[in-house]
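In terms of our numbering, the sequence shown opens at residue 335 and continues consecutively. For reference, the structure discussed in these notes is given below.
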Amino acid sequence: MLIQRKEYLEKLIAFRDKQLIKVITGVRRCGKSTLMELYQNYLIEQGVEEYQIISVNFEDYDFIELRDAPKLYAYLKNRIAESERSYIFLDEIQHVENFPQVVDSLYIKQGVDIYITGSNANMLSSEIATVLSGRYVEISMLPLSFREYIFAVGSEGGLSKRYREYLESSSFPYALELQNRPKEIKMYLEGIYNTVVVKDITARKKISDTMMLESVTRFVFDNIGNPLSTKKISDAMTSDGRKIDVKTVEKYMSALTESFILYKARRYNVKGKQHLKTLEKYYAVDIGLRYALLGRRAADVGRILENVIYLELLRRGYDVFVGKVEDLEVDFVAMDENGVTYFQVAASVRDEKTLFRELASLQKINDNYPKYILSLDDDPEADYSGIRRINALDWLFGSQCYM
């Protein structure tokens, strides 16, 4: 099943033939290779000849020798068309040592348009940034959104039914091929986890205590949406008999976020308009992956929804923070070029005390930017002096008035 990733595809199309290296990042199996395939199909539909497209997947054993930078450069140089534009696609390029020098050498050649993917944020923060500073644009990719999932499977049975399936079946695209086969889905997700956490991270970070890394991962997955610090994690695990120091926790957390298994939301003082350095929140890249590791817990409904909303805000292009307003918290402060939007997220606000609590922090914010309460309550939309309460699934599905 080839799922059309429309929003990401449109970004690539917008940067076509621009003098920038297009860098697609995201967790393994989120659809980066499929996106490149979709884009190559688009180029051919636009009249680009197949010989103008040069594609290398470094996880394909056919290209194992090209993980050597000089050999890769020689191969690509010989394939570049002399009088026509060449489109170069390099998939999972982190497998090539010293790849930035190869990409930089190709970048300065006339008539070359370069697209690369990687499953490690460190590739950008250190390796690429030093060599290719100012020459690339990053397209951050996530697994399927709820909207994309609905378009793939249909909306029969209603959004609530599909939302439960979306959580349980996973947002990783290939999981759609395993629909209604929970055992196979669990095995597939465990395979992703083992590849990223056990194989990739331990090799890249030279971690010898794999069991401790897995314990930290499970602890954070179990605490999505809770304020955490490396000291808090260290203390909690040590009290459970798994002694670990703060520096080791920092190393592990850095590796997990670099591999896009976890995403970190920093705290932001809304009234002081300043970033805070303590007690960030972490969110899992996929709830199905969390279920595979921890099992299902009914009490997690609100925090799971919060996780889903956070990832959707990232998809929609926001920089997302956890807000602090005096002694209260705003779940998300979402910023983009148009300003700020505030969100409170709750499983239900039908109880008056819960509604009062969710309204309280938003009511303390005196600016005129949009403010929302998102819940799973299937009730008509309501307005509380400018604070809109709407159904979270309608918002996730993407009605234009909620974008």
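Yeah, the Cβ is synthetic: ideal placement off N, Cα and C, and Gly gets one too.
Cut-off 7 Å between Cβ atoms - residues of its own chain near E692, not counting five sequence neighbours on either side: For E692, same chain residues with a beta-carbon under 7 Å away, outside a window of 5 residues either side, are Q678, A680, V683 and I707 in chain order.
Could you pull out every residue in the same chain whose Cβ sits closer than 7 Å to the Cβ of Q734, ignoring the five residues on either side in sequence? Unreliable positioning characterises Q734 in this predicted model, as indicated by a pLDDT of 42, which lies under 50. The coordinate reading is nonetheless provided below. Answer for Q734: no residue qualifies.
Since R637 and I558 should fall inside the 8 Å C-beta cutoff, what is the C-beta to C-beta distance between them, to a whole number of angstroms? Rounded, the Cβ-Cβ distance is 6 Å, consistent with contact.
Taking the alpha helix (DSSP H) that A680 falls in, what are its first and last residues? From DSSP, A680 is part of no alpha helix (DSSP H) but of the beta strand (DSSP E) over G673 to A680.
What's the C-alpha gap between Y736 and N725? Residue confidence is low: Y736 scores 45 on pLDDT, short of 50, so the model does not pin down where it sits. No coordinate-derived value is stated.
To test your reading of the DSSP string, which unbroken beta strand (DSSP E) runs of 3 or more residues are found completely within the region 638-698? Taking 3 residues as the minimum length, the beta strand (DSSP E) runs contained wholly in the region 638-698 are 653-659, 662-670 and 673-680, in order along the chain.
Give the range of the beta strand (DSSP E) segment to which L610 is assigned. Counting along the chain, the beta strand (DSSP E) containing L610 begins and ends at Q608 to A618.
Among Y718, L627 and L466, whose alpha-carbon lies nearest the alpha-carbon of I442? The option with the nearest alpha carbon to I442 is L466.
With 16 as the cutoff for other CB atoms within 10 Å, does N672 come out buried or exposed? So N672 ends up on the exposed side.
Counting C-beta neighbours from all protein chains within 10 Å, is the total for I275 16 or more, i.e. buried, or is it exposed? No answer is possible for residue 275: the residues shown for the chain start at 335 and end at 737.
Under 7 Å, do R339 and L377 count as touching if we go by C-beta distance? Not a contact, by the Cβ cut-off of 7 Å.
So, using beta-carbon positions, are L478 and P507 closer together than 7 Å? Closer than 7 Å, so yes.
Determine the direct distance from the alpha carbon of V357 to that of I643, and round the result to whole angstroms. Approximately 25 Å, taken between the alpha carbons.
Within the same chain, show all residues whose beta-carbon is closer than 8 Å to that of R552, passing over the 5 residues directly before and after it, in chain order. L627 and L628.
Nearest-angstrom Cα separation, counted from R601 out to K611: Rounded to whole angstroms, K611 to R601 spans 7 Å at the Cα level.
Consider the C-beta atom of Y652 and the heavy atoms of the ligand MN; say whether any pair is separated by less than 6 Å. Within the structure as shown, the ligand MN is missing, as the structure has no ligands at all.
7 Å is my cut-off, CB to CB: does S573 come that close to chain D? Structure shown: chain D not included; a single protein chain is present.
Just checking my contact of M599 with E614 at CB under 8 Å: how many whole Å lie between their CB atoms? Here residue 599 turns out to be Ala, not Met, going by the sequence shown. Sure, about 6 Å apart at Cβ, within 8 Å.
Just the Cα atoms here: how many angstroms apart are D351 and K405? Those two C-alpha atoms are separated by around 26 Å.
M737 in three-state terms, based on DSSP: Here M737 scores only 44 on pLDDT, less than 50, and its place in the model is too uncertain to base an answer on.
Report the residue ranges of all beta strand (DSSP E) runs contained in full by the region 443-525; include only those spanning at least 3 residues, in chain order. You should have 446-452 and 470-474.
Sub-7 Å separation of V471 and R362 beta-carbons: Here V471 is not near R362, since their CB atoms are 7 Å or more apart.
With a threshold of 16 other CB atoms inside 10 Å of the CB of T451, please say whether the residue is buried or exposed. Burial call: buried.
Taking the alpha-carbon of E371 as reference, which of I355, L523 and I388 has the nearest alpha-carbon? Put simply, of I355, L523 and I388 the residue whose alpha carbon is nearest the alpha carbon of E371 is I388.
Which same chain residues end up closer than 7 Å to L647 when comparing Cβ atoms and leaving out the 5 residues on each side of it in sequence? Excluding residues within five positions, the ones whose Cβ falls inside 7 Å are V654, F666 and A668.
Rounded distance between the beta-carbons of L645 and L762, thought under 8 Å: The structure shown does not extend to residue 762, since the chain is modelled only from 335 through 737, so no value can be given for it.
Using 10 angstroms around the beta-carbon of V630, count the other beta-carbons present and answer buried if the total reaches 16, otherwise exposed. Note that residue 630 corresponds to Arg in the displayed sequence, not to Val. Taking all protein chains shown into account, R630 has fewer than 16 neighbouring C-beta atoms within 10 Å of its C-beta and is therefore exposed.
Is the CB-CB distance between A589 and K539 below 7 Å? Closer than 7 Å, so yes.
Determine the direct distance from the alpha carbon of E592 to that of N456, and round the result to whole angstroms. Near 6 Å, if we compare the C-alpha coordinates of E592 and N456.
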